[in-house]
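The structure under discussion appears below in the form of structure tokens.
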Amino acid sequence: MGGMSGVHLVFPPGFEALEEELRRVGIPVSGRDYNLEQFHAGVLSGSVHAPVAFLYGPQPEQSVASYLRLVEEIRIRKPNLRLIFVFGDLSRDREIIEGLVSLGVYDIHIRPEFEAEEVREWVSRPRTIAYARLLLAGVETPDGEEAEDAPSPETGSVLPPPQPTPVHDAPPKKRGLFRRRDAGTEKKSEEKPGLFARLFSRKKRDEAPPPPPPPPPSPPPAVRDGVLVFADPAVERAVRKAGFRVVSDPRRALLAVATPDRAAFAPSDLPLLILRTGAASDVLIAARYPNARLIAEEELENELRALLEEPAPEPERPAPVFKPEPEASPQAEPAPASSSPTVPPSPPPSSPPPPPPDSRSPEARSVRVISGKGKDDRLTVPGRGVIYVVSPGDPGLAGETAARIARALPKSALVCAGGMSTAAIALGIPEAVLVEADWRIPGAKAPLEKDGITVWPVDPEKFLDVRDALPNALVSQIRSRFAVTVVDAAGDLTLTAGAPRNAVVIVLKSGSELVDRLTDRWLREHGKNALVVLPHETVRAEPFGDGALVRKIGRFSAAALGDEN
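Counting from 1, one number per residue, gives the positions in the sequence shown under UniProt numbering.
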């Protein structure tokens, strides 16, 4: 077997020793991919030259339909390429295995563990449809001659022929079918005969007293004036401190507040606020509860006031702070310092210090930044915020703009979220480096550092399906480590659907009438925190507090030319 043909491996990270073991038993390895989608791209590009491919069957990131579609396209493109699959469990992956057999793939093996010698035998001995049908029928046959010589289900039964009648003094060996039959007989002997047993059980059921009628439901309260809280006591105290009533009866609640692990207990007919955790699980929570709003805990008071349409109490707070105390009455002997009418008395220690008249408190400033869009075509981004840049008509323009924004903001991160994202190339990262640094591929050399920017790049020439890589989950994981995270969404507006709620979106119009019309429709529904940039305009970013300020300017103005230089 020293002259055995090469094999192309398709195995996830963790099977690095398999390549060396196969070479040890005389199987040369001519190529390696980490998942089915990457292997599919290699076949379509003509980079797979081996006559045999050995694939790890389970691909959890692929749906069954997508899995079989990729295999079908591989079979159409290279019909002479022999595919050998190994699965760990037949029942778990049965739907995929049946689909593979229907596509003419018969080299399928079920092994929780396997050795290199077994792979050597699998490569040297192709399987037939008879073997595959026996495998699907659950007949325990080895991978050797019995599977090859077994009759085809199209010409006869797939079950083994009946054994000769055993002698009476030697009880027959029980197989699966007979074991179930014996167990059923023993169970039936302990019960009453069939018809009598049914009549007897019906009689007992008829003689049983009827269940008591359920108590009449209590009338619902007429007033809904509270907030239903499914969270820790600290959140409940924060709701009360903000001046809202906390209730335990859903019929008295106007809305509900919950943590992600308790959101399932909230009534479906109430508006729901879910406190996000900042982890990747927030993306799954947003998909599971599409009608809920994910907010940070510090945003809770403002969201409650917005939903309940209650004004913020800022105008009322200064009154008790600056109100003169009774000690200024004529009967009292005031101190010389307190006699001055221009100096207000010191507030009590428990009260917050009054804000200066020409600036806002840090809490108010953070609330304004979270709102995103200003009145003068500016975007304010809070610390650890996210900026999405998308250009439906010109994906390359989105990459150039995202790279320019990331350069202007220190301690920032840049994520290439779309398959056509070119921000990494715009930063000056060589295309040869992107081949091994595509963050969507397991084991890639990502992230990269470029000019003080941490970059998660993609290789636009791979044409992989980025939906399975969950770019928004990556953004949620890393955003807490950087001052601002810039996301190059290329031309895909749908990537902003799973963005954090306080993220801002820069939409670059291309001038195409059809594309801009569709973009305007998207902006009407989702463009609350979006800044629209026309073809003759550009954007400029600068640090602002602990976040950033993004504003649009004329493309040919002196400020724009200085920014691009």
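Yeah, the Cβ is synthetic: ideal placement off N, Cα and C, and Gly gets one too. Owing to the predicted nature of the structure, the values given are computational and were not obtained by experimental measurement.
Check, Outcome
"Taking 8 Å as the cut-off, does the region 394 to 407 touch the region 415 to 433 (at least 3 CB pairs, one atom from each stretch)?", "yes"
"Is the beta carbon of Val533 closer than 8 Å to that of Ala541?", "no"
"Cα separation between Ser510 and Ile295?", "33 Å"
"With distances taken between CB atoms, is the gap from Leu434 to Asp459 smaller than 8 Å?", "yes"
"Considering only the alpha carbon of each residue, which of Ile274, Val119, Arg237 and Lys241 lies closest to Leu255?", "Ile274"
"Which residue from Pro126, Pro395, Val52 and Asp225 puts its Cα closest to that of Ser248?", "Asp225"
"Does Arg120 pass the burial test, meaning 16 or more other C-beta atoms within 10 Å, or should it be called exposed?", "buried"
"Give me the Cα-Cα distance between Val484 and Gly443, rounded to the nearest whole angstrom.", "26 Å"
"How many Å lie between Asp33 and Asp377 at the Cα?", "47 Å"
"Near Asp93, what residues of its chain come up, given a Cβ to Cβ distance below 8 Å and the 5 sequence neighbours on each side ignored?", "Gly57, Pro58 and Phe87"
"Which first and last residues belong to the alpha helix (DSSP H) in which Asp377 is found?", "Here Asp377 belongs to no alpha helix (DSSP H), and DSSP marks it neither H nor E."
"Tell me whether Ser476 is buried or exposed, calling it buried when 16 or more other Cβ atoms sit within 10 Å of its Cβ.", "buried"
"Taking buried to mean at least 16 other C-beta atoms within 10 Å of its own C-beta, is residue 568 buried or exposed?", "No answer is possible for residue 568: it lies beyond the span of the chain, which begins at 1 and ends at 565."
"If you run the structure through DSSP and keep just helix, strand and coil, what is Val455?", "strand"
"Check whether the region 71 to 88 and the region 46 to 56 touch, using three or more Cβ-Cβ pairs below 8 Å as the test.", "yes"
"Quick check on the DSSP output: the beta strand (DSSP E) that includes Ser30 runs from which residue to which?", "Val29 to Asp33"
"Which residue wins for smallest C-alpha separation from Ala116, given the options Glu21, Gly31, Arg237 and Asn502?", "Glu21"
"On the DSSP bridge assignment, give the partners of residue 572 in chain order.", "Residue numbering for the chain in the displayed model covers 1 to 565; residue 572 lies beyond these limits and cannot be assessed."
"Assuming Val455 and Leu448 make a contact with CB atoms under 8 Å, what is their CB distance in whole Å?", "5 Å"
"Starting from Val533, trace the beta strand (DSSP E) both ways and give me its first and last residue.", "Ala530 to Val533"
"Let's see if you can read the secondary structure: which residues bound the beta strand (DSSP E) around residue 571?", "Beyond the ends of the chain as shown, which are 1 and 565, falls residue 571; an answer cannot be given."
"From Glu72 to Asn291, what distance separates their C-alpha atoms?", "38 Å"
"May I have the straight-line CA-CA distance separating Lys462 from Ala41, to the nearest angstrom?", "7 Å"
"If I measure Cβ to Cβ from Tyr67 and keep anything under 8 Å in the same chain, skipping five residues before and after, which residues do I get?", "Leu36, Gln59, Ile96 and Gly99"
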